[in-house]
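See structure below.
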Amino acid sequence: MADADPRSGGGRSGLSARILLGGTEPDPRFTLANERTFLAWIRTSLALLAGGVAVEAFMADLFGPELRRTIAVLLLMLALVIGGGSFFRWLNVERAMRHKTPLPLPWIAPILAAGGALVAAVMVVFVLVRAA
Amino acid sequence: MPTQGNTPTHGDAGLQPERTDLAWGRTTLSLVVAAAIFLRWMPHHGWFAGTLVAAAVLTALAINLSRRRRLHSAIRGIQQNAMVPDIASTAAVAASVVVLAVLGIYTVLFLPLT
């Protein structure tokens with residue numbers, strides 16, 4: 001067989017082995033589940049990215065420039081943190097599975113919740129101020 | 001190694017390889033949607049927005065071109081009951097999204113609407 005037994009780590013380059021911090025390969029179904037969860041976070045990040053750009057690009061008639069910028073930058077920064085954080089989440093889960101330790105908490109989840117709430121709060125304040 | 005035609009088969013009733021392949025497919029669709037929205041910036045920001053469109057589309061294309069390899073590696077992983085996690089793919093996609101977000105923030109804050 002061309003590729004070495006992945007359980008021994010022989011098929012992996014030294015760099016990958018160092019990034020994964022050794023351990024033993026977990027059940028491949030868990031590795032695939034981790035990958036899908038990572039992709040779900042990436043799509044969340046892409047949705048925030050598209051939302052941020054859409055606010056800036058399509059809302060010129062509705063919002064003033066300051067509000068538009070604020071909402072757009074908040075959404076894009078959230079996309080940045082969720083997108084970058086999703087990789088480290090994936091990596092930390094992979095490492096935990098390889099060492100059979102408890103899975104780390106998803107710290108990007110509260111960030112997403114707080115960020116979403118913050119954007120909503122800015123919108124509520126804007127609507128109230130404009131109505132007054 | 002069992003195969004049907006050119007495709008290796010596996011005995012996972014949870015259909016993990018197929019679901020993971022579809023998750024990558026949905027991600028390419030999200031990237032194309034993001035690229036379509038970046039298009040709206042092109043009349044205002046020209047080639048700079050074009051770079052964002054190209055980056056998103058190229059990432060989607062790269063994922064699509066490597067889907068078959070990733071699917072087969074997942075099926076082999078199920079067959080052998082061990083697989084090497086695909087660090088290169090996850091790191092590349094996350095890096096691409098981070099770059100798109102940074103360029104997006106730069107566009108909003110520093111490029112005036114023309």
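Those sequence lines, one after another, are chains A and B.
The first sequence begins at 1 in our numbering and counts up one residue at a time.
The second sequence begins at 1 in our numbering and counts up one residue at a time.
From the three backbone atoms N, C-alpha and C, an ideal C-beta is built for every residue, glycine too.
Q) At a CB-CB cut-off below 8 Å, which residues of chain B make contact with Arg43 (chain A)? A) Translated into positions along the first sequence, residue 43 (chain A) becomes position 43. Those are Arg26, Thr27, Ser30, listed as they occur along chain B.
Q. Hey, would you say Val157 (chain A) sits closer than 7 Å to Val108 (chain B), going by beta carbons?
A. Nothing in the structure corresponds to residue 157 (chain A), since chain A is present only between 1 and 132.
Q: Taking C-beta pairs closer than 8 Å, name the residues in chain D that Arg69 (chain A) reaches, listed in chain order.
A: Annotation note: the requested chain D is absent from the structure, which comprises protein chains A and B.
Q.
For a cutoff of 7 Å on Cβ pairs, would you count Ala49 (chain B) as touching chain A?
A. Translated into positions along the second sequence, residue 49 (chain B) becomes position 49. No, because no Cβ of chain A sits closer than 7 Å to the Cβ of Ala49 (chain B).
Q) Is the Cβ-Cβ distance between Ala54 (chain A) and Ile105 (chain B) less than 7 Å? A) Within the first sequence, numbered from 1, the residue matching residue 54 (chain A) stands at position 54. Within the second sequence, numbered from 1, the residue matching residue 105 (chain B) stands at position 105. Result no, Cβ atoms of Ala54 (chain A) and Ile105 (chain B) do not sit closer than 7 Å.
Q: Please determine if the region 49–63 of chain B and the region 23–40 of chain B are in contact, where contact requires at least 3 C-beta pairs separated by less than 8 Å.
A: yes
Q | Between the CA atoms of Gly85 (chain A) and Gly11 (chain B) - distance to the nearest angstrom | A | The count along the second sequence starts at 1 and reaches residue 11 (chain B) at position 11. The count along the first sequence starts at 1 and reaches residue 85 (chain A) at position 85. One C-alpha to the other measures close to 33 Å.
Q) Quick one, are the C-beta atoms of Ala56 (chain B) and Thr28 (chain B) less than 7 Å apart? A) Numbered from its first residue, the second sequence carries residue 56 (chain B) at position 56. Numbered from its first residue, the second sequence carries residue 28 (chain B) at position 28. For Ala56 (chain B) and Thr28 (chain B), no; Cβs fall outside 7 Å.
Q. In the DSSP assignment, what residue or residues form a beta bridge with Gln4 (chain B)?
A. The residue given as residue 4 (chain B) occupies position 4 in the second sequence. Paired residues: B:Thr7.
Q) What are the start and end residues of the alpha helix (DSSP H) that includes Phe41 (chain B)? A) The count along the second sequence starts at 1 and reaches residue 41 (chain B) at position 41. For clarity, residue 41 (chain B) is Trp in the given sequence; the question names Phe instead. That residue, Trp41 (chain B), is in no alpha helix (DSSP H); it is neither H nor E in DSSP.
Q) For chain A, is any of its Cβ atoms less than 7 Å away from the one on Ala13 (chain B)? A) Position 13 of the second sequence holds residue 13 (chain B). So, not an interface residue.
Q: Please compile the residues from chain A whose C-beta is within a distance smaller than 7 Å of the C-beta of Arg40 (chain B).
A: Position 40 of the second sequence, counted from the first residue, corresponds to residue 40 (chain B). Per Cβ cutoff of 7 Å: Ala57, Phe58.
**Q.** Test: Thr101 (chain A) CB closer than 7 Å to a CB of chain B
**A.** On the first sequence, position 101 is the one that residue 101 (chain A) refers to. Thr101 (chain A) does not count as touching chain B.
Q. For Met59 (chain A), does the three-state DSSP call read helix, strand or coil?
A. In the first sequence, residue 59 (chain A) corresponds to position 59, counting from 1. Met59 (chain A): coil per DSSP, three-state reduction.
Q.
Quick check on Arg36 (chain A) - is its C-beta less than 7 Å from some C-beta in chain B?
A. Mapped onto the first sequence, residue 36 (chain A) falls at position 36. Judged by the 7 Å Cβ criterion, Arg36 (chain A) is in contact with chain B.
Q.
If contacts are defined as beta-carbon pairs under 8 Å, then Ile42 (chain A) and Ala94 (chain B) qualify, I think. What distance do you get, rounded to the angstrom?
A. Here residue 42 (chain A) corresponds to residue number 42 of the first sequence, with the count starting at 1. Here residue 94 (chain B) corresponds to residue number 94 of the second sequence, with the count starting at 1. About 7 Å; that satisfies the 8 Å criterion.
Q: Please state whether DSSP places Asn81 (chain B) in a helix, a strand or coil.
A: Sequence index remark: in the second sequence, residue 81 (chain B) carries index 81 (1-based). Here Asn81 (chain B) sits in coil by DSSP.
Q) Is Val53 (chain B) close to chain A, meaning its C-beta is less than 7 Å from at least one C-beta of that chain? A) Your numbering for residue 53 (chain B) matches position 53 in the second sequence. Taking Cβ atoms only, chain A never reaches closer than 7 Å to Val53 (chain B), which makes this a no.
Q) Between the region 60–79 of chain A and the region 22–39 of chain A, are three or more C-beta pairs nearer than 8 Å? A) no
Q: Can you give me the Cβ contacts of Met123 (chain A) inside the same chain, cut-off strictly under 8 Å, excluding the 5 residues immediately before and after it?
A: The residue given as residue 123 (chain A) occupies position 123 in the first sequence. Hits under 8 Å: Ile71.
**Q.** Pair within 7 Å by beta-carbon distance, Val93 (chain A) and Leu103 (chain A)
**A.** On the first sequence, residue 93 (chain A) is found 93 positions in, with the first residue counted as 1. On the first sequence, residue 103 (chain A) is found 103 positions in, with the first residue counted as 1. Cβ atoms of Val93 (chain A) and Leu103 (chain A): closer than 7 Å.
Q | CA-to-CA distance, Ala96 (chain A) to Gly5 (chain B), given in whole angstroms | A | Taking the second sequence and counting its residues from 1, the one referred to as residue 5 (chain B) is at position 5. Taking the first sequence and counting its residues from 1, the one referred to as residue 96 (chain A) is at position 96. Looking at the two C-alpha atoms, the distance is approximately 37 Å.
Q: Would you check if the distance between the CB atom of Leu111 (chain B) and the CB atom of His45 (chain B) is smaller than 7 Å?
A: Taking the second sequence and counting its residues from 1, one reaches residue 111 (chain B) at position 111. Taking the second sequence and counting its residues from 1, one reaches residue 45 (chain B) at position 45. Contact flag set, yes.
**Q.** Cα-Cα separation, Thr3 (chain B) to Leu118 (chain A)
**A.** Locating residue 3 (chain B) in the second sequence gives position 3, where the first residue counts as 1. Locating residue 118 (chain A) in the first sequence gives position 118, where the first residue counts as 1. Cα to Cα, the separation comes out at about 52 Å.
Q | CB contact below 7 Å: Gly104 (chain B) versus chain A | A | Translated into positions along the second sequence, residue 104 (chain B) becomes position 104. Yes, Gly104 (chain B) lies at the interface with chain A (some Cβ there is under 7 Å from its Cβ).
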